[in-house]
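Here is the structure we will look at, set down as structure tokens.
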Amino acid sequence: MMVIWSPQAHDDRAAIWDHVVAEDPRATNRLDQLFSQAAADLAEFPALGRPGLIPGTRELFPATHYRLVYETRGDQIVILALVHTARRWPTP
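First residue of the sequence shown? That's 1 in UniProt numbering, and the numbers climb one at a time after it.
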């Protein structure tokens, strides 16, 4: 299956990068690799994540404190958001 990062998910990933790089550049690279690997895993195993909090979505936790929210659309996996677990998700 093809994996597509939504604009929101791209923005989330960039914000995570900006936040973490100031603390530890090596950790940023490792974290980004985990996100990329999770997306690659979903291409092979779309049901890998658990049912999401929003009906029709699924969630995968590629790193301890991050939730990757996605949905399957035909032959595509659309990553909708990448959310720190401390954040309230979904927002009301």
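Just so you know, even glycine gets a beta-carbon here, dropped at the ideal spot from N, CA and C.
_Those residues which DSSP pairs with E71 across a bridge_ = Position 71 of the sequence shown, counting from 1, holds the residue named residue 71. Under DSSP, E71 shares a beta bridge with V78.
*Does DSSP classify A47 as helix, strand or coil?*
Walking along the sequence shown from the start, residue 47 turns up at place 47. In the displayed model, A47 falls within coil according to three-state DSSP, outside both helix and strand.
*Measure from the alpha carbon of A86 to the alpha carbon of each residue in M1, A47, H65, Q37, then state which is nearest.*
Taking the first residue of the sequence shown as position 1, residue 86 is located at position 86. It is H65 whose Cα lies nearest to the Cα of A86.
*In whole angstroms, what is the alpha-carbon distance linking residue 164 and L80?*
The first residue shown for the chain is 1 and the last is 92, placing residue 164 beyond what the model contains.
*Going straight from the alpha carbon of M1 to that of A40, what length do you get?*
Walking along the sequence shown from the start, residue 1 turns up at place 1. Walking along the sequence shown from the start, residue 40 turns up at place 40. If I take the Cα positions, the gap works out to 9 Å.
*asked:* Given this structure, state the Cα-to-Cα distance separating V3 from L48, to the nearest angstrom.
replied: Position 3 of the sequence shown, counted from the first residue, corresponds to residue 3. Position 48 of the sequence shown, counted from the first residue, corresponds to residue 48. When rounded, the distance between both Cα atoms is 14 Å.
*What is the residue span of the beta strand (DSSP E) that I54 lies within?*
Against the sequence shown, residue 54 aligns to sequence position 54. From DSSP, I54 is part of no beta strand (DSSP E); its letter is neither H nor E.
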